[in-house]
Structures are given as C-alpha cells and as structure tokens.
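Trainee: Residue numbers (our numbering): 1 to 275.
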Ligand code: SF4
Ligand code: SF4
Ligand code: SF4
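1) Could you tell me the boundaries of the beta strand (DSSP E) in which residue 233 lies?
2) Should residue 237 and residue 177 be called a contact, given that it needs their Cβ atoms to be closer than 9 Å?
3) Determine the closest residue to residue 129 out of 240, 159, 71, 98, with distance taken between C-alpha atoms.
4) At what residue ranges does the stretch 158–235 contain a whole run of the beta strand (DSSP E), taking only runs of 3 or more?
5) From which residue to which residue does the beta strand (DSSP E) around residue 101 run?
6) Thinking just about the alpha-carbon of each residue, which of 101, 44, 184, 146 is nearest to the one in residue 206?
7) Within 10 Å of its beta-carbon, does residue 157 have 16 or more other beta-carbons around it, so buried, or fewer, so exposed?
8) Opposite residue 60 in the DSSP bridges: which residues?
9) Just to confirm, are residue 153 and residue 126 a CB contact at a threshold of 9 Å?
10) For residue 71, verify whether its CB is less than 8 Å away from any heavy atom of ligand 2.
11) Which residues share a DSSP beta bridge with residue 238?
12) Determine the direct distance from the alpha carbon of residue 235 to that of residue 120, and round the result to whole angstroms.
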C-alpha cells in the first residue's frame with residue numbers, strides 16, 4: 001500500500017513539475033510578447049501612406065498583403081513573426097526601398113479592403129485641388145501648362161505625412177564637409193525610383209551621378225523644395241534642411257550615398273480616429 005502511494009506521489013510530483021515548467025514557459029513567452037508589443041507600438045513603423053494611427057492600424061489591418069502586391073516598386077514589406085503584435089502588418093524600410101509615389105494613385109491605400117490604409121484622405125485632397133480648376137474652366141479646356149491630373153497627384157502626395165526626414169549626424173553628410181559625389185545612387189542598396197520630372201523608373205544601383213556638392217537627397221525628393229533644400233552653412237559647407245512639406249516618403253534616405261546614411265526618416269505619431 002505504501003508502495004502504491006509513493007508511486008502516485010511520484011507521478012503527481014512529476015505532473016506538477018511539468019505543469020509548472022509549461023506555465024512558466026507560457027507566462028515567460030506572454031511577458032516577452034507583450035513587452036515586445038508595447039515597445040513596437042511606442043517605436044512605430046514607417047507605415048504606408050494613409051495608414052491610421054498605430055493602435056488603430058494594428059486593429060484594422062487584416063494582414064492580407066494586398067498593399068504589398070500592388071506596390072510597383074515593392075516598397076512595402078510585412079513584419080515578421082518576432083515583431084510581436086505587428087506580425088504580418090505592412091511597413092516601409094527606406095534604407096532599402098522608399099515609397100517613390102510612382103504608382104501615381106497611392107495604390108496601396110486604394111487597394112486596402114479595411115481602410116487601415118485610408119484612401120479617403122487622398123481622394124478628398126485630390127478633389128479639393130482640382131475643383132477650383134473646373135470652376136475656372138467649366139468646359140474642361142485648361143491652358144496647356146495645367147494638367148489637372150498632375151495637380152491632383154501632387155495634392156495627393158501632400159495629403160498624408162507618414163514620417164519626417166532628419167540628419168542626426170551632420171558631420172557624416174558629404175555636403176556638410178564640402179564634398180561632391182561621383183558614383184551610383186544609394187549606399188549599396190538596391191531599389192527603384194522614378195526621378196522627379198521623368199516618366200521611367202531607374203534602378204538606383206545602376207544610376208550614375210556626378211555632383212560638385214552632394215545634394216542627392218534634395219534633387220531626388222518627390223516633393224521638391226517645399227520638403228527639403230540645401231542651405232549654405234559657411235563658405236564651402238552646406239547642409240540639407242528638411243521643411244514642413246516633408247511627408248516621410250524615404251527617397252532621400254534611399255539615395256543617400258554615405259554608409260551609414262546621413263539622412264533618415266522617422267515615423268510621425270498620428271491622431272487616433274477611434275478611442
Ligand atoms: S503610394 Fe508608395 S508605397 Fe503605396 S503603392 Fe504607391 S509607391 Fe508603393
Ligand atoms: S525630404 Fe523629401 S525625399 Fe526625404 S522623406 Fe521628406 S519628402 Fe521624402
Ligand atoms: S544625400 Fe546624404 S550625403 Fe548627400 S547631401 Fe543629402 S544627406 Fe548629405
């Protein structure tokens with residue numbers, strides 16, 4: 001009898017031990033997961049243009065990947081399994097491939113089935129920009145220098161700010177040191193880009209440039225001088241200045257030739273639409 005009891009005791013002891021180990025593992029993983037989750041919400045990803053505030057975004061994105069498929073320059077990636085609550089959600093890494101707007105219609109937002117990336121803001125901005133033209137030229141015969149489609153696309157580009165460029169270490173920037181740049185665009189990364197004013201996309205690692213003073217981040221910015229300009233600091237020294245019109249597309253970071261890059265884009269906090 002005593003022998004049977006001791007067997008039961010041992011079995012119960014082993015069972016209790018296994019349960020304790022499993023519970024600890026579950027609690028540990030959950031703690032890690034939620035620690036990771038909160039830090040990711042704080043840190044934020046550079047989300048595609050039109051994306052809602054981070055918490056709204058996490059709850060409304062169904063991780064279908066349609067935005068990934070539609071982007072012609074493959075700017076959008078999906079977060080990996082070790083990215084906690086963000087797993088499967090889309091983000092842009094401008095160090096590799098920026099959003100260059102060459103889809104022309106903010107197609108990632110247009111295709112999102114849940115409006116986690118919201119096309120409405122672009123639609124409103126586009127309509128608002130073009131409406132005065134139709135008021136002025138009701139028959140639709142615009143002067144040759146006005147292309148209503150271009151006007152609309154420009155307004156759409158400006159409609160949402162996903163991030164903002166900054167130059168964390170000016171002494172790293174070629175222009176700040178009075179240096180030019182001759183070579184290929186970018187810092188060894190591969191990516192595609194439709195340069196401002198051109199109709200075709202180029203591969204950045206195949207695009208040769210030669211600038212007396214480096215200003216690549218300025219001349220390739222899709223928003224132009226309303227977003228960034230090169231300022232003279234002192235004789236022979238220059239520094240790009242990021243302005244309010246910067247929307248955080250990341251093109252400047254993608255084309256910057258220094259390694260590590262001298263200009264980086266950080267996501268901006270947005271106002272949640274749902275409480
Ligand atoms: S707006 Fe940018 S990220 Fe979205 S589909 Fe167009 S190029 Fe890609
Ligand atoms: S400065 Fe221009 S290229 Fe750089 S993130 Fe802003 S809008 Fe994009
Ligand atoms: S592209 Fe890079 S190195 Fe050149 S001016 Fe801009 S930040 Fe400086």
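C-beta: ideal position from N, C-alpha, C; glycine also.
Mentor: For this structure:
1) Start and end: 228–234.
2) Their beta carbons are under 9 Å apart, which means residue 237 touches residue 177 by this criterion.
3) Here the closest residue by C-alpha is 159.
4) Here the runs fully enclosed are 163–166, 181–184, 208–211, 228–234.
5) Unbroken run through residue 101: none, as it is neither H nor E.
6) Selected option, being the one with the closest Cα: 184.
7) The residue is buried, with at least 16 neighbouring Cβ atoms inside 10 Å.
8) Residue 60 is not bridged to any residue.
9) In contact: residue 153 and residue 126 (Cβ atoms closer than 9 Å).
10) Because no heavy atom of ligand 2 lies under 8 Å away, the Cβ of residue 71 does not count as near it: no.
11) Partner(s): 232.
12) Their backbone Cα atoms lie some 47 Å apart in a straight line.
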